[in-house]
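Chains as they are written, first to last, in the numbering used here: chain A, 1 to 286; chain B, 1001 to 1286. Here is the structure we will look at.
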């Protein structure tokens, strides 16, 4: 999907959050904001998706603060916190009448729980259960299940560190059903996106591959040739998170998107209310 | 209070909201965002309060869109909507064991209800009752009551149109207790702040005076000499809304601030959690 006017103030908010994560030095944070302010006019909304619009902004954060991985500690914390919930997730899947559907739901909750956006300590189990009882759109689950039955290999595009743990019930269930999973992560740190190490720390036992990219979402122009070829040949892709939807929704590829709609532009694009947890089949799914 | 780093992304959000309220023309909205982006580096956080930091931003919105009063229709709507609740407010005050405290509470709810920030139609009565049961800090009410007993004249600094209706139970009760109220409004439209006409449409029967200002908050440098003199002589001031706290909290004036803490910088400044409804006595209250 194309970036929207609303992406511009959002980019300023993102820059502020990333700068604060990178440094406590107020002068440097201010410098980031000033430079991002200057950059605004160069963002060509017609030519880019929202994650592409944000690329120069995260570069500014790194250039000004000198910090390559502002969310490093936060990511480790989130993984640790999410791992405490893992036994509950497995219990829920095992006790469900439809374990695959429950695992899909949990993977989506992982996207919704957004460990990165909290100010205060919360009870993560309560939060999990609160989200579990909120708005899901899973009408395309039957198509998902039907398609997946026929597949041997699944390309799984990971999103945030921490959310990774919530992916495990789904990919472990698929592995048990003899599917080969390729769990695709970022080559370099960007925001709180998952890297190989994050995936490993989350207990991912399936094959981890790199997109070759160090930008948010899955922007094929920024991925390695190897990954782009792999992506082109994939017959079933699960893409986690809004950034992956934003960057891939217009690509001719067999994708199921799993994410929470977190802002107004995505709500307009998908036709679902902000806050809805979505399983959406790409319109190009063959 | 001084403006904070967090005010900068907030200013970009405010500009976006105001630009959208002023025009549907995407090119103009984009021009506003670009110009605000350029302006960011000139904001001197050390020298201004948050509403002062936003002054050039609202000027950009007006200059680019040519619209002097982007919230005109919204304000009328909010007043109309708030007026439907007026009988309930009066009923609550009349049935309360402590009518003055109830009226103070209602005036604060008016600040919290924030008719301007909603996407969807809500049930305003339910919203009123939801807020009524949320977090209030009214520990300074006894001091408020004690001080007000001794006063004959009260300067009441209004905030938003719509909120004005929620002020009525309090100012009408004070009028019944033989206090003379001066209800101070903006000279020119700024965001959804109250002007004389808005106050009249809200049914304010007390004396309406103008601050002489067309900027948010009560920034004395932007007020008329007449108002500044009046303000200096006031012995009891009630200031509604966060913008008035931000612009007046460091002034040596006998003020009780009534507002909901709506962002992190104000939470840090006051020591209360975001979302708390506050009655705070100025530290300079003599």
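Note that CB positions come from ideal geometry on N, CA and C, so glycine has one too. Please read these numbers as outputs of a predicted model, since none were measured by experiment.
Check: Let me make sure I understand the geometry here. Which of A/22, A/40, A/8, A/92 has the alpha-carbon closest to that of residue 65 of chain A?; Outcome: A/22
Check: Could you check where the beta strand (DSSP E) with residue 215 of chain A kicks off and where it finishes?; Outcome: Here residue 215 of chain A belongs to no beta strand (DSSP E), and DSSP marks it neither H nor E.
Check: Closest to residue 1093 of chain B by CA distance: which of B/1031, B/1167, B/1079 is it?; Outcome: B/1167
Check: When the Cβ atoms of the segment 1073-1080 of chain B are set against those of the segment 62-76 of chain A, are three or more pairs found closer than 8 Å?; Outcome: no
Check: Quick check: residue 244 of chain A and residue 138 of chain A, are their CB atoms within less than 7 Å of each other?; Outcome: no
Check: Straight-line CA distance for residue 1255 of chain B to residue 1152 of chain B?; Outcome: 15 Å
Check: Who are the near neighbours of residue 1235 of chain B in its chain, counting only those whose CB is closer than 8 Å to its CB and skipping five residues on each side?; Outcome: 1151, 1153, 1254
Check: Grab the span of the alpha helix (DSSP H) containing residue 1107 of chain B for me, first residue to last.; Outcome: 1099-1113
Check: Please list the residues of the segment 7-35 of chain A that have a C-beta atom closer than 7 Å to any C-beta atom in chain B, keeping them in chain order.; Outcome: 8, 9, 12, 13, 16, 26, 29, 30, 33, 34
Check: Of all the beta strand (DSSP E) runs that stay within the bounds of the segment 1223-1254 of chain B, which reach a length of 3 or more residues?; Outcome: 1237-1240
Check: When you compare the segment 218-227 of chain A with the segment 21-38 of chain A, are there three or more beta-carbon pairs, one atom per stretch, that lie closer than 8 Å?; Outcome: no
Check: Classify residue 1281 of chain B as helix, strand or coil using the three-state DSSP reduction.; Outcome: strand
Check: Does the CB of residue 1037 of chain B have a neighbour CB from chain A at under 7 Å?; Outcome: yes
Check: The beta strand (DSSP E) spanning residue 157 of chain A covers which residue range?; Outcome: 153-157
Check: I want to see whether chain A comes within less than 7 Å of residue 1064 of chain B, judged by CB atoms only; does it?; Outcome: no
Check: Would you kindly work out how many angstroms separate the C-alpha atoms of residue 1126 of chain B and residue 41 of chain A, rounded to a whole number?; Outcome: 42 Å
Check: With DSSP run on the structure shown, which of helix, strand or coil describes residue 992 of chain B?; Outcome: Lying outside 1001 to 1286, the shown extent of chain B, residue 992 of chain B is not represented and no answer is given.
Check: Could you give the DSSP three-state label for residue 1195 of chain B: helix, strand or coil?; Outcome: strand
Check: To which residues does DSSP link residue 160 of chain A through a beta bridge?; Outcome: A/193
Check: If you run the structure through DSSP and keep just helix, strand and coil, what is residue 54 of chain A?; Outcome: coil
Check: Per DSSP, which residues does residue 11 of chain A bridge with? Please list them.; Outcome: Partner(s): none; residue 11 of chain A has no beta bridge.
Check: Can you list, in chain order, the residues of its chain with a C-beta nearer than 8 Å to that of residue 119 of chain A? Leave out the 5 residues immediately preceding and following it.; Outcome: Since pLDDT at residue 119 of chain A reaches only 45, below the 50 mark, its modelled position is unreliable, and the value read off the structure follows with that caveat. Nothing listed; no residue qualifies.
Check: Measuring from the CB of residue 143 of chain A, is there a heavy atom of the ligand ZN at a distance below 6 Å?; Outcome: The ligand ZN is not part of this structure, which contains no ligands at all.
Check: In this structure, how does DSSP classify residue 1071 of chain B when only helix, strand and coil are distinguished?; Outcome: coil
Check: For residue 262 of chain A, which residues from the same chain have a beta carbon less than 6 Å from its beta carbon, with the 5 sequence-adjacent residues on both sides left out?; Outcome: 242
Check: Let me know the secondary structure DSSP gives residue 272 of chain A once reduced to three states.; Outcome: coil
Check: Using the C-alpha atoms, what's the distance from residue 1106 of chain B back to residue 1170 of chain B?; Outcome: 8 Å
Check: Would you grab the beta carbon distance between residue 287 of chain A and residue 240 of chain A for me? Rounded to a whole angstrom, and I think it's under 8 Å.; Outcome: It is not possible to answer for residue 287 of chain A, since the shown part of chain A is limited to 1 through 286.
Check: Would you say residue 1046 of chain B lies against chain A (beta-carbon separation less than 7 Å)?; Outcome: no
Check: Rounded to whole angstroms, what is the Cα-Cα separation between residue 190 of chain A and residue 58 of chain A?; Outcome: 8 Å
Check: Would the segment 185-201 of chain A and the segment 268-283 of chain A be scored as touching if the rule is three or more Cβ pairs under 8 Å?; Outcome: no
Check: Please decide whether residue 1105 of chain B counts as near chain A, where near means a Cβ-Cβ distance under 7 Å.; Outcome: no
Check: Determine the direct distance from the alpha carbon of residue 1128 of chain B to that of residue 1134 of chain B, and round the result to whole angstroms.; Outcome: 10 Å
Check: Give a yes or no on whether the minimum CB-CB distance between residue 228 of chain A and chain B is below 7 Å.; Outcome: no
Check: Could you give the residue range of the alpha helix (DSSP H) that holds residue 1032 of chain B?; Outcome: 1026-1039
Check: Is residue 1178 of chain B buried or exposed, if buried means 16 or more other CB atoms sit within 10 Å of its CB?; Outcome: exposed
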